[in-house]
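Per the numbering used here, the sequence shown runs over residues 4 to 179. Structure first, then comments.
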Amino acid sequence: MTKEEVRCLTLCKVRLKIDSVVYDIGAGIGTIAIEAALLAKEGLVFAVEKNPPAAAIILKNAKKFGVNNLRLIRGEAPEALAELPLADRIIIGGSGGRLKEVLSAAQAKLKPQGRIIVNAITIETLATAVKQFAAMGLDEVNTCCLNITRVKQAGRAKIFKGMNPVFLIVGESRGK
């Protein structure tokens with residue numbers, strides 16, 4: 004499950020609009036997709052997920068939160084993107100080791116003035132995303148690293164417990 008702080012900054016950086024068409028690729032259990040659907044109330048969110056148990060949780064949570072503008076796409080990107088409408092915003096949380104192909108397909112589906120964001124937890128994903136974003140010729144690319152620390156109880160004291168860093172790589176197509 005994507006941590007709350009990562010979800011918040013991801014959704015902030017992707018700059019959703021009320022009528023955005025959004026892909027959440029590698030949606031996991033749908034935490035980002037559901038929050039995106041709540042923000043883009045007049046839009047449509049496509050949660051792309053290949054794992055059947057995770058996909059079932061997406062549907063359960065969509066119902067729990069009263070989300071009716073979310074569509075579950077059971078399958079693997081990039082193939083699962085073929086029949087989807089063009090997107091305003093694309094969020095990539097997982098690519099099954101096929102990030103280069105997923106980004107290429109995502110770029111082909113991105114509307115002008117669209118934004119793509121990759122959440123990377125591995126060095127390999129970060130390197131691939133940065134290299135591929137440069138090759139895609141996007142008009143604006145930026146990267147940030149989130150180092151989240153939470154306070155935890157340890158006996159009678161409270162201590163800081165750091166979490167693994169997450170890199171957010173964002174690209175924008177100012178387009179036609």
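Glycine residues also receive a C-beta, built at the ideal position from the N, C-alpha and C atoms. Predicted, not measured: the structure shown is a model, and the values here were computed from it.
From the DSSP secondary-structure annotation, give me the bridge partner or partners of residue i.
i: E7; result: In DSSP, E7 forms no bridge with anything.
i: L47; result: V24
i: F170; result: A123 and C148
i: E52; result: R77
Determine the direct distance from the alpha carbon of residue j to that of residue i, and round the result to whole angstroms.
i: C92; j: I162; result: Note on identity: in this sequence residue 92 is Arg, with Cys being the wrong assignment. Taking the straight line joining both Cα atoms gives about 38 Å.
i: A111; j: K155; result: 44 Å
i: T5; j: G29; result: 11 Å
i: P56; j: K63; result: 11 Å
i: K20; j: G158; result: 45 Å
i: Q135; j: K103; result: 6 Å
i: L149; j: Y26; result: 22 Å
i: N122; j: C15; result: 13 Å
i: G78; j: A160; result: 46 Å
i: V133; j: V105; result: 14 Å
i: E82; j: A130; result: 23 Å
i: K67; j: K44; result: 16 Å
What does a CB cutoff of less than 6 Å around residue i pick up in its chain, not counting 5 residues either side in sequence?
i: G46; result: D22, S23 and V24
i: K114; result: L89 and D91
i: C147; result: L171
i: V144; result: F136 and G174
i: L87; result: F49
i: L42; result: L19
i: V70; result: I37 and A40
I'd like to know whether the C-beta atoms of residue i and residue j end up nearer to each other than 9 Å.
i: I95; j: V169; result: no
i: I76; j: A50; result: yes
i: I37; j: L84; result: no
i: V17; j: R118; result: yes
i: A58; j: A80; result: no
i: T128; j: S98; result: yes
i: K164; j: R153; result: yes
i: I126; j: T13; result: no
Excluding five sequence neighbours on each side, which residues of the same chain lie with their C-beta closer than 8 Å to the C-beta of residue i?
i: R10; result: T34, I35 and E38
Counting only the same chain and skipping the five closest in sequence on each side, list residues whose C-beta sits under 7 Å from that of residue i.
i: I61; result: A30, I32, G33, A36, A50, E52 and L75
i: I151; result: K6, E8 and M166
i: D142; result: E175, S176 and R177
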